[in-house]
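Position 511, counted from 1, in the sequence shown is what full-length UniProt numbering calls 511; the numbers after and before it change by one each time, with no gaps.
Take a look at the structure set out below.
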Amino acid sequence: MSRIRMNNTGHGKLQVPGFGDIPIDYELPIGERFAHGVMEMHNVAALPGRAGRLTFPEVMMLRVMEQVTDKLNWEHDVFDESITTQWYTDLLSDWRARRYSKPYWDVSIDMDLVTSRMWEWCIMELRDKAVQFQRTGHILILNADSGVCKSDLIGKELQHGLQETFSVLENPSAKRLNSNPIIELLDPSLFQLAYGCSSVFNQGRQVNLFDDEIPFPATSNTHVPPIPGHPEEKVKPEHPRQTIRPYDTTISRTYRWSNRFQWLPCEVSFTGPEGTDVRVTSYINNLHPKNVQAYHMIEKLISMSLRPWNDILVKGRTSRYPLRIKTYGWEESGPNDEYGQMRPDWIRLGVPNSRWSQEKWDAYCVKAKQYLALPEPDQKYRIFDPDPTMWEGPDDQLRAVTPEMWMTHTSTNFEHFPEEERLTDIILLKGLRLHTFKYPEAGISYSYEDWKHGKTVKALIEKTNDESPSPPSEHQYQSVSLQEEFREKGLQVIVRVSSIELTPELPCYEGDDDFHVDGLLNEHVVATSRYYYDVDNVSDGRISFQQQDDLNTSKDRLGKGPMHKIFGLPIERDPDSWSFRWVPGLQTLGSVAAHEGRFLAWANTLRHKCRPFSLNDPTRPGHQRYITLFLVDPHYRICSTQNVPAQQHEWWRESALANMDPSRRMPQEIADPIMDEIGDWPIGIAQAERWKSESEKERERSKKWQTLAAEYIL
């Protein structure tokens, strides 16, 4: 499809996806927009510049750096060698104390895999991050394909302003539903755009925040456009019973679009010839413009989000950061002596049989006892256990050998032992346990300075039979400046304010069900920022982050040796066959604390999941309140509050009564029945909630297919 010019300025025909002659699933080429979600990396050939799955040691490096940057005064202490040495000692001690406890999947750090060489890399990188932090007030962590910006330096004035502003606002639908502790104080799913139902200015005119009155649909300029076609109609299976496979991205991707609903962003313009100061120029959906202070606070937060968004947005085919560790194979650990070999020489000489002399058998048993008594390395270093259920056996194999197994080899019962109880098989199992490999390290094939400058072509172990059409090239770092590139055009931002309310009767928040990215594809959300402005009497929450990988399961030799361990892949074998099950092509990088005063920003290339938390003092209530901003890809324009007259019945009712001629103003007891007779025009809260419920079903379906479409077979 040729490039289409989008326009929602109100000067001329409304030309945005879903309106005019632009299909709702119109997309710009990937090189002309920001990346917006996990399905874009499904086809590795289409995105050759995106970083692949991180090795497990690199994930540990990311978690180490995230943990260090939560320390008080870390940005100064990181330059003190004695302090950084103590940090490393403390991390090792903490790991050794907890290594046998159940790991917490997105926080745990296996310090066995963070070698001294890798720690030195972390410190060099952290020192550069400290310089950036002192310059900008925010720091980038978990930075791989994209990254997460965090900051605790948002001013108290903004924090207190938000606390004061939203403590007096009441969402007409803000009530607890069943056991759900989440209350939306400002909900973009209420009074959202409903295709085929909402009135829009589609032939000119706009809703301007600075007009004397907010326009409502009763004007000659408004029109209810027809419902646009859904992309699913283009790719429906030919046979009604044909199964839609999750890896068929052409079909599964259609479920992330909606031709029924869309969140409505507000329009944001830059003020002055430079800088990041902004002004909201159309109403924030569900926030009445009379709440002037709230608008000012949100404008400040949008302004503060711009530079963090610049640091995390991914444009086109290239990741923001290259791999710190690049490998396409594995290296076996060298045995220290004959007992370290998989099959020791003394076993290779032969298998016990009836022709052996008693002396030979006795010597064999002595060697076997010595061999079985050898200490074993942690099973994470073993080569031959792609399936956790394979090669299990007892922990103490020497003690597991029964007296009957030491019987003379001429025993008539020897050949009748079950295979797993034969001494030779136990010895073979011991060999498998001693056969180990080395995890790859950062700083060997290229240095940290090389990595900083994109010189990351060389891998620790190169590809075999590489069929790539062109040799790999050096990494090209991206630079994004929203305030420069879109200064004239402006931005579109969706606003949500949420409160998680816990009580002695409901003391725990269970967290999100699964990882997800926010927004439907027709909303074109590419980045999120969140500010926790009011947290009281609850334990620290955390947000976990996950990225899609583009690991090629056949070319990267995952079925051979320990590659699944090197890349931290869960292995699931089908119990009914020798084949592997589908495994999500998704990698959890780590998590970030979400305490009061914490600001976070991330790109929609990362999936996120809020972790559980609970009351600190179970005898009194507590809450976690935050404001979330969703950035619409500014390369697009979608229908916004600039194009949709206010739909809220309560806003219209208030305006109608306020604008009544004083000489004809009726007493309230007369005005109320008349208003009731008019009904819930334009849209009442009951209808808005019904639409929200229907929209949430679409959004849940979208989240489901996000995961299903990001899977691969090993």
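The beta carbon of each residue, even a glycine, is placed where N, CA and C say it ideally should be.
Remember, predicted model here, so these are calculated numbers, not experimental data.
Going by C-alpha positions, Pro217 is about 10 Å away from Val224. Phe201 and Gln642 have their C-alpha atoms roughly 9 Å apart. Taking the CA atoms as reference points, Thr619 sits about 51 Å from Lys452. Going by DSSP, Leu423 is part of the alpha helix (DSSP H) stretching over 423 to 434. The stretch 462 to 536 is shown to contain whole beta strand (DSSP E) runs of 3 or more residues at 491 to 502, 525 to 536, in chain order.
Val644 has its alpha-carbon roughly 6 Å from the corresponding atom of Ser199. Within the model, the alpha-carbon separation for Pro215 versus Gly10 is close to 14 Å. Ranked by Cα distance from Leu54, the options Glu120, Tyr321, Thr271, Ile683 are led by Tyr321. Counting C-beta pairs closer than 8 Å gives fewer than three between the stretch 429 to 442 and the stretch 291 to 301, which falls short of the contact rule. Segment contact: the stretch 485 to 502 against the stretch 596 to 607, fewer than three CB-CB distances shorter than 8 Å; contact not assigned. Bounds of the beta strand (DSSP E) holding Gln546 are 541 to 548.
Pairing Ser282 with Asn208 gives a Cβ-Cβ distance under 8 Å.
Cβ contact annotation for Val16 (same chain, cutoff 7 Å, sequence separation greater than five): Met6, Asn8, Ile22, Arg637, Ile638, Cys639, in chain order. By the C-beta density criterion, Phe210 is exposed, having fewer than 16 other C-beta atoms within 10 angstroms. Bounds of the alpha helix (DSSP H) holding Val64 are 56 to 68.
With 16 or more other Cβ atoms from the protein chains shown falling within 10 Å of its own Cβ, Ala594 counts as buried. Between Trp705 and Trp257, the alpha-carbon positions lie close to 11 Å from each other.
For His608, the uninterrupted beta strand (DSSP E) run begins and ends at 606 to 610, by DSSP.
Phe34 is a Cβ neighbour of Val526, given a cutoff of 8 Å. Beta bridge pairing from DSSP links Tyr283 with no other residue. A straight line joining the alpha-carbon of Ile227 with that of Gln647 spans about 18 Å. In this structure the stretch 308 to 327 touches the stretch 18 to 32; the number of beta carbon pairs closer than 8 Å is three or more. As far as DSSP is concerned, Leu589 takes part in no beta bridge.
Closest in alpha carbon position to Arg324, among Glu698, Glu441, Asp550, is Glu441. Cβ contact annotation for Arg530 (same chain, cutoff 6 Å, sequence separation greater than five): Leu600, Tyr626, Thr628, in chain order. In this structure, the straight-line span from the alpha carbon of Ala459 to that of Phe133 is close to 31 Å. In the displayed model, Glu27 falls within coil according to three-state DSSP, outside both helix and strand. Secondary structure of Glu331 (DSSP, three-state): strand. Beta-bridge annotation (DSSP): Val268 is paired with Val280, Leu491. Excluding five sequence positions before and after His36, the CB atoms of its chain that fall closer than 6 Å to its own CB belong to Val526, Asn604, given in chain order. The secondary-structure analysis by DSSP pairs Gln15 across a beta bridge with Asn7. Per DSSP, the beta bridge partners of Arg625 are Ser499, Asp534.
An exposed status is given to His76, since fewer than 16 other beta-carbon atoms sit within 10 Å of its beta-carbon.
Look at the beta carbons and you see the stretch 56 to 67 touching the stretch 116 to 123: at least three pairs across the two are nearer than 8 Å. Asp514 is not a Cβ neighbour of Thr222, given a cutoff of 8 Å.
Shown here for Gly137: same chain residues with a beta carbon closer than 6 Å to its own, the five before and five after excluded, namely Ser151, Leu153 in chain order.
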